[in-house]
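Student: First the structure, then my questions, so here it is.
In structure tokens, the structure reads:
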């Protein structure tokens, strides 16, 4: 008895094309999610690339909290510098390193103020 194709099901070509199309769509969605840098947990809660969370760890800081953080960081940096022995001299005058006029040709002045002839 010869085998006859069943007309009530899609052909192998159609099945393969459908699988390839769904695979392509899944890959595009995955790549789009990686570009927007939305965490998996946030995506499960309904986060999308254009929407920013108003609460949780990824919510933006208010300007008041930003100022407080900057103060905390500055204070921590100052404590670290004091612990290392670097102290800011408050009563010392500021040093001006402005040089006026040119020296002779071929003569240069380095950081200590000595003239060096490089001819």
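Numbering (the UniProt record's numbering), first residue to last: 1 to 119. Glycine included, each C-beta is placed from N, C-alpha and C at the ideal position.
Ordered along the chain, which non-local residues of its own chain (more than five positions away) have a Cβ less than 8 Å from that of residue 60?
Tutor: Correct list, in chain order: 52.
Student: Expressed to the nearest angstrom, what Euclidean distance is found between the alpha-carbon atoms of residue 71 and residue 86?
Tutor: Whole-angstrom Cα-Cα distance: 19 Å.
Student: Rank 31, 78, 58 and 90 by C-alpha distance to the C-alpha of residue 41 and give the top, closest one.
Tutor: Residue 58 is the option with its Cα nearest to residue 41.
Student: So, helix, strand or coil for residue 42, using DSSP?
Tutor: Looking at residue 42 - three-state DSSP - the assignment turns out to be helix.
Student: Given this structure, state the Cα-to-Cα distance separating residue 114 from residue 81, to the nearest angstrom.
Tutor: Approximately 32 Å, taken between the alpha carbons.
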